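The opening position of the sequence shown corresponds to residue 2 in my numbering, with each subsequent residue numbered one higher.
Glycine included, every Cβ here is placed at the ideal spot set by N, Cα and C.
If you're wondering where the values come from, they're calculated on a predicted model, not measured in any experiment.
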Amino acid sequence: MKCLVFKVRGDYARFRKSYTTTSALTYLLIHPVAVRGLIGAMLGIDREKLYEKTKDIEVAIQVVNQVRKDMQSFNLVNMKANDKIFRFPSNVEFLRNVEYRIFIKAEDKTLYEIDNCIKQGEYIFTPYLGSSEHIAKIEYEGIYNCEKLNAGNYKVISAVSLEENKIYFGDSDIILMTDNIPTRRDIDREYIEYKKVIFATNENTINVGTENCYKVGGYNVIFI
């Protein structure tokens with residue numbers, strides 16, 4: 002089994018929480034649904050076909066940089082033709098100076114299609130980080146063997162589902178963060194599955210008791 006690894010970085014990102022409207026909050030990290038959308042943009046997959054083309058892609062995510070958030074205020078304008086002009090303020094969250102290492106597990110045909118696209122740097126649509134104004138910079142790392150490990154305790158570098166794994170906190174002074182992120186959507190683009198994940202940053206690992214760990218190159222990761 003093979004796994005594709007690449008880095009994604011950007012000056013800003015915003016992965017908007019779907020239950021917010023005028024106050025746009027962001028998830029703390031890129032989530033699997035957003036990664037599949039990023040792949041769809043690079044390959045030029047039509048929006049109506051994105052679900053079928055990417056639903057079987059498995060994703061593991063390492064948050065490389067420390068999470069930093071900015072809040073900016075905007076004045077939104079109602080532009081409906083039959084209404085008076087109406088302005089209202091909106092606070093919008095952004096992630097700043099983001100970097101992720103993405104691990105992709107998929108069928109060989111799909112995997113090598115993504116691999117070739119990233120190596121060539123020729124994208125059909127511009128990849129972005131949640132919003133079109135936040136352009137993503139993609140850095141190819143390679144295709145590596147992907148080995149399922151036996152159940153046990155491992156130092157995992159990727160985000161980990163809290164419901165499916167046991168976390169050993171110990172006496173470490175590493176900063177850990179949690180968020181409840183979407184991991185699956187349906188054909189109508191509605192989120193249908195969420196997972197509460199925990200993750201470290203700055204190349205730190207988490208001690209995890211798990212049956213779901215994979216060895217990818219020199220990294221232990223868990224697909225979410």
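Taking C-alpha positions only, residue 4 is separated from residue 204 by approximately 19 Å. Three or more pairs of CB atoms, one per stretch, sit closer than 8 Å, so the stretch 97-114 contacts the stretch 52-67. Going by beta carbons, residue 97 and residue 28 fall outside the 9 Å limit. Counted as a single uninterrupted DSSP element, the beta strand (DSSP E) harbouring residue 14 occupies residues 3-14. Annotation: the stretch 15-63 contains the following complete segments of the alpha helix (DSSP H) (minimum length 4 residues), in chain order: 33-44 and 51-55. Taken atom to atom, the span from the alpha-carbon of residue 217 to that of residue 78 is near 48 Å.
The bridge partners DSSP lists for residue 196 are 182. Annotation: residue 136 to residue 160 spans about 23 Å, alpha carbon to alpha carbon. Here the stretch 119-129 does not lie against the stretch 192-212, with fewer than 3 beta-carbon pairs under 8 Å apart. Distance between residue 76 and residue 91, taken at the CA atoms: about 6 Å. Distances from the CA of residue 35 to each of 152, 132, 211 and 124 were compared; the closest alpha carbon is that of 132.
Going by C-alpha positions, residue 224 is about 13 Å away from residue 6.
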